[in-house]
Each structure stands twice: as structure tokens, then as C-alpha cells.
Amino acid sequence: MDQQIRLVEAKYKKEAILPFEIGDTLKVWVKIIEGDRERLQAYEGTVISIRGKGINKSFIVRKISYGVGVERIFLLNSPRIDHVDIIRKAKVRRAKLYYLRNKVGKKARLVERLGVKIPKHSDLVKNIAEENKAAE
Numbered sequence: 001m002d003q004q005i006r007l008v009e010a011k012y013k014k015e016a017i018l019p020f021e022i023g024d025t026l027k028v029w030v031k032i033i034e035g036d037r038e039r040l041q042a043y044e045g046t047v048i049s050i051r052g053k054g055i056n057k058s059f060i061v062r063k064i065s066y067g068v069g070v071e072r073i074f075l076l077n078s079p080r081i082d083h084v085d086i087i088r089k090a091k092v093r094r095a096k097l098y099y100l101r102n103k104v105g106k107k108a109r110l111v112e113r114l115g116v117k118i119p120k121h122s123d124l125v126k127n128i129a130e131e132n133k134a135a136e
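Printed below as a string of C-alpha cells:
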């Protein structure tokens, strides 16, 4: 049964998503369809939760917009997500950062992890293309 599930999931799973963690500040590029046009819209915020596994994996990104906290849930393997950029990495000691909902201003800041190399989306795409060429 597990093998059948993995085969179905492999068809829908995205390879070109950067590995991010709780507390990272992300810029999620979402495809917006308006009539017959399609455009990309950026949603930047802090990852406060990651849940699920496989193709059901989802994450919550929280940002402050005009003084109001806004949270959005994204499915990691959704066709609506074009790509994800990691802006900065933070040092956190919790699996879920729901406590940030009650914090405002400087109290809601997370300590940045310095000296950590932040991968870029373009590098990931190049690596996947090279692996595909080598496999052929």
C-alpha cells in the first residue's frame, strides 16, 4: 500500500522547492489568474508552522500588513506556487511559532542565524537540470 501511495505522490511532487524551516522569512511567488491573464504575486512573511508529509505538506506564512497580522496557508506541492525564495533564516527553539500572534513590534522579532548559507532558487533549478542531463 505504501509503495502505491509513493508512486501516486511522485507524480505530483515538486522537486524545485527550497528546503526551508520554521522561523525562516520566505517570499512565496503565487500564480494569480485574472480572466485570461496569469501573473505572479509575492507574499513575504515568516513561517510559523509546517505540517503534513508527502504531497499533503503545508505551511503557514505570517506577515504584518498595515498593522494587521495576516496568515496564509500554502500547500507545498500546489500548482499555484511558482517558487519560494528564502530571505533570511532565524534561530528558533519551537516547532510551531503560534506565540507570535500575540506579540507586536520588537517582541515579535526572531534572532537571525548568521553565517548560514541561504540557497537560491536559480541554483536549485540548475542542479536539477544537471542531474536530469546526467541521468539521460
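Residues in the sequence shown are numbered from 1 upward in steps of one, following the working numbering.
Positions of the beta carbon are idealized from the N, C-alpha and C atoms, including for glycine.
Q | Anticipated Cβ contact below 8 Å, residue 26 with residue 44, distance rounded | A | 7 Å
Legend entry - Exposure of residue 40, with buried meaning 16 or more beta-carbon neighbours within 10 Å: Residue 40 should be labelled exposed.
Where residue 66 sits in the DSSP three-state scheme | coil
Check: Do residue 81 and residue 47 have their CB atoms nearer than 8 Å?
Finding: no
*Span separating the alpha-carbon of residue 103 from that of residue 49*: 16 Å
With distances taken between CB atoms, is the gap from residue 71 to residue 87 smaller than 8 Å?
no
Checklist entry - Where does residue 92 land, buried or exposed, given buried means 16+ other C-beta within 10 angstroms? => result buried
TODO: Please state whether DSSP places residue 6 in a helix, a strand or coil.
DONE: DSSP places residue 6 in helix when its eight states are reduced to three.
Where does residue 122 fall in DSSP's three states?
helix
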